[in-house]
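Beneath this line is the structure, given in structure tokens, with notes to follow.
There are 2 protein chains.
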Amino acid sequence: MTRFALTLEFDGGPFMGLQRQDHGPSVQQSVEEAVEAITGEAVRMHAAGRTDTGVHALAMRAHVDIEKDIDAFRLMEGVNAKLRPDPIAVTACEVVPDDWHARFSCVGRAYVYRIANRRAPLTLERGRMWQVAAPLDAAAMHSAAQHLVGCHDFTTFRSAHCQAQSPLKTLDRLDVERAEGTGGSEVRIHAEARSFLHHQVRSMVGCLALVGMGRWSEDDMRQALEACDRQALGLNAPPDGLYFVKARYEGEAP
Amino acid sequence: MTRFALTLEFDGGPFMGLQRQDHGPSVQQSVEEAVEAITGEAVRMHAAGRTDTGVHALAMRAHVDIEKDIDAFRLMEGVNAKLRPDPIAVTACEVVPDDWHARFSCVGRAYVYRIANRRAPLTLERGRMWQVAAPLDAAAMHSAAQHLVGCHDFTTFRSAHCQAQSPLKTLDRLDVERAEGTGGSEVRIHAEARSFLHHQVRSMVGCLALVGMGRWSEDDMRQALEACDRQALGLNAPPDGLYFVKARYEGEAP
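As given, the protein sequences belong to chains A and B, one line each in that order.
Residue numbering for the first sequence follows the UniProt record's numbering, beginning at 1 and increasing consecutively.
Residue numbering for the second sequence follows the UniProt record's numbering, beginning at 1 and increasing consecutively.
Spelled out as structure tokens, the structure:
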């Protein structure tokens, strides 16, 4: 048995999320079927994160175990060929030790959230960003975001369907910057933590947008966090703008 | 009568190009119908360039003449609402003098061509870039490109369907750079001229890719130009990676 680590890029639009579902297509199902088509083996894929419907990935990490003697390059090329026309690509593939686990060995996860801050509807970036027409104050958003950095009870920013045992998480980074993108004036939010609760990034982004619009103060953000109550959530941002960008493992650069 | 200048952003994928066609959807038809839905007037749109099927625009300029008394902001908002679900957006709209013409007053046009230089199939950038699997030498491409800058007979790089009276054009800029994008390692080509022949940018990019792959030398590029013969063309790049990015008018910054 050989364990292969895969780096996956995908457009989350057509999928009911990364994890296999009974009621619709998933990234996991597509990749498992492509691996089976190449190796003749039914495999189970494990991934660093469980992204939702419509959430994208630039570099999700995952692993599969394969009995057949196949080298990493041929596996990657074959799986990519079988994945067509699904918008999923294996951008890297390598042999890893048997005790390396894409989910349990992962010590850091990074997301980017992209907001198109403009009145005009999206064209090229449709499904790739959240369009917010009201002008956003990115500096105010960044300042309010700093109240969320550190170890907190994130119950307010957690989906009712979250399966994590504890609402306590340590948020290492939540930076907001204004950038120029093809979608026009873009506000980009960078979030990093060892792990996140279900909907945590989208919930934090939704509330930051309220701050950016001037509808919430920095203090409202602090109070929402301290409330530890899902009812205190101001707004949950749509999945379109969310990208899983990095999974970090022991011995890898931060 | 008031003349309005429109700045258009569009995904060229679903259209048979910018110009109105008998046999399929066009950007011109969609915009003209949206303006008519708002004003009740049949209008004709004139644009700075005539992009092909699948070619995108970040900031195409165009104009329409309207009799009805309507302000620029209301026109833009109304047209954007009527354009849904077509992936076209009016990102700016302003009143211009009656003798300002989107096509004939335009003194400079700029395109960007995006190549995804990677083996993995495209996902999020599908239809937005040209995927080239062979490693490209961007420095060699840039060097070869400089042979095309200046005033030349561009017959080799001109479509058989080109309607321009002369094959002589002055190319002001053809820069090749390597950049990091969401599509992985990206090679980006910037082309600027007062005007271009039909397929000129895609034809130049196709030959530059041959240089990047090491299949053409700098001298092959020079000879292709000097041949003044469409048969000397090495390769015509697909439309997916081509973006119209800027139209410049007298009195505007370069």
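Glycine is no exception: its CB is placed at the ideal position from the N, C-alpha and C atoms.
Note that the coordinates shown come from a computational prediction; the quantities given were computed from them, not determined experimentally.
Are at least three pairs of beta-carbons, each pair with one atom in the stretch 110–120 of chain A and one in the stretch 191–208 of chain A, less than 8 Å apart? With the cut-off at 8 Å, the stretch 110–120 of chain A and the stretch 191–208 of chain A touch.
From what residue to what residue does the alpha helix (DSSP H) around B/ALA140 run? Per DSSP, B/ALA140 belongs to the alpha helix (DSSP H) from 138–145.
Is the CB of B/LEU171 under 8 Å away from at least one CB in chain A? No - not a single Cβ of chain A is within 8 Å of the one on B/LEU171.
Environment of A/PHE4 [buried if 16+ CB atoms lie within 10 Å]: So A/PHE4 counts as buried.
Inspect the beta-carbon positions of A/PHE10 and A/ILE88 and report whether they are closer than 8 Å. A/PHE10 places its beta carbon less than 8 Å from that of A/ILE88.
Tell me the start and end of each unbroken beta strand (DSSP E) in the UniProt domain "Pseudouridine synthase I TruA alpha/beta" (144–250) of chain B that is at least 3 residues and wholly inside, in chain order. DSSP runs (the beta strand (DSSP E)) wholly in the UniProt domain "Pseudouridine synthase I TruA alpha/beta" (144–250) of chain B: 150–153, 168–181, 184–193 and 242–249.
Taking CB distances under 8 Å as the criterion, tell me whether A/LEU242 reaches chain B. Not one chain B Cβ lies under 8 Å of A/LEU242.
A/LEU75: first and last residue of the uninterrupted alpha helix (DSSP H) it sits in: Segment 72–83, the alpha helix (DSSP H) holding A/LEU75.
Quick one, which of A/GLU125, A/GLU67 and A/VAL27 has its alpha-carbon nearest A/GLY241's? Nearest to A/GLY241 by C-alpha distance, out of A/GLU125, A/GLU67 and A/VAL27, is A/GLU125.
Are B/LEU8 and B/VAL35 close, meaning C-beta to C-beta below 8 Å? Contact: no.
Does the Cβ of A/GLY206 have 16 or more other Cβ atoms within 10 Å, making it buried, or fewer, making it exposed? With 16 or more other Cβ atoms within 10 Å, it is buried.
Name the chain A residues whose beta carbon is nearer than 8 Å to that of B/HIS56? Simply LEU124.
Using a beta-carbon distance below 8 Å, is A/VAL107 in contact with chain B? Using a Cβ-Cβ cut-off of 8 Å, A/VAL107 does not count as an interface residue toward chain B, since no Cβ of chain B sits closer than that to its own.
Answer with buried or exposed for B/GLY150, where buried requires no fewer than 16 other C-beta atoms within 10 angstroms of its C-beta. Counting Cβ neighbours within 10 Å, B/GLY150 comes out exposed, since fewer than 16 surround it.
DSSP three-state assignment for B/THR39, whether helix, strand or coil: DSSP places B/THR39 in helix when its eight states are reduced to three.
Could you tell me if B/THR170 is buried or exposed, where buried requires 16 or more neighbouring beta carbons within 10 angstroms of its beta carbon? By the neighbour-count rule (16 or more Cβ atoms within 10 Å), B/THR170 is not buried but exposed.
Spell out whether any CB of chain A is found under 8 Å from the CB atom of B/THR91. Taking CB atoms only, B/THR91 has a neighbour in chain A less than 8 Å away.
Closest Cβ-Cβ distance between A/ARG158 and chain B: below 8 Å? Not closer than 8 Å to any Cβ of chain B, the Cβ of A/ARG158 fails to qualify, so no.
Note down, in chain order, every chain A residue with its Cβ under 9 Å from the Cβ of B/ILE88. Contacts between B/ILE88 and chain A, judged by CB atoms closer than 9 Å, involve PRO121 and THR123 in chain order.
What residue does the beta strand (DSSP E) around A/ASP65 start on, and which one ends it? Start and end: 56–66.
Proximity to B/ARG158 [Cα-Cα], best of B/HIS199, B/GLU250, B/ALA138 and B/GLN165: Minimum Cα distance to B/ARG158 is reached at B/HIS199.
Per the DSSP calculation, A/GLN131 is bridged to which residue(s)? For A/GLN131, which the question treats as bridged, DSSP gives the partners A/ALA116.
Which residue from A/SER195, A/ALA59, A/VAL176 and A/LEU148 puts its Cα closest to that of A/CYS162? Relative to the Cα of A/CYS162, the nearest Cα in the group A/SER195, A/ALA59, A/VAL176 and A/LEU148 belongs to A/SER195.
Proximal residues to A/GLN131 (C-beta, below 6 Å), its chain only, five neighbours per side dropped: Hits under 6 Å: ALA116 and LEU122.
A/PRO167 versus A/ARG61 - alpha carbon distance: If you take the alpha carbons of A/PRO167 and A/ARG61, they lie about 24 Å apart.
Express the C-alpha separation of A/ALA47 and A/THR53 in angstroms, rounding to a whole number. Each residue's Cα considered, the two are about 15 Å apart.
Which residue marks the beginning of the beta strand (DSSP E) containing B/LEU6, and which one marks its end? B/LEU6 -> beta strand (DSSP E) spans 2–10.
Exposed or buried, what is residue 257 of chain A when buried is set at 16 or more other beta-carbons lying within 10 Å of its beta-carbon? With chain A covering 1 to 254 only, the question about residue 257 of chain A has no answer from this structure.
Which residues in the same chain have their Cβ closer than 8 Å to the Cβ of B/ASP172, if we skip the five residues on either side of it in sequence? Taken in chain order, the residues that qualify are GLY108, VAL149, GLU192, ALA193 and ARG194.
Mapping the DSSP letters down to three states, classify A/ALA47 as helix, strand or coil. Here A/ALA47 carries a strand assignment [DSSP, helix/strand/coil].
For the beta strand (DSSP E) containing A/GLU94, name the first residue and the last one. For A/GLU94, the enclosing beta strand (DSSP E) begins and ends at 88–96.
Could one say the Cβ of A/ASP137 lies closer than 8 Å to chain B's Cβ atoms, at least one of them? Closer than 8 Å: no.
May I ask you to report which of helix, strand or coil DSSP gives A/ALA110? Judged by DSSP in its simplified three-state form, A/ALA110 adopts strand.
Taking Cβ-Cβ distances below 8 Å as the criterion, which residues of the stretch 3–22 of chain A are in contact with chain B? From the stretch 3–22 of chain A, only GLU9, PHE10 and ASP11 have a Cβ closer than 8 Å to chain B.
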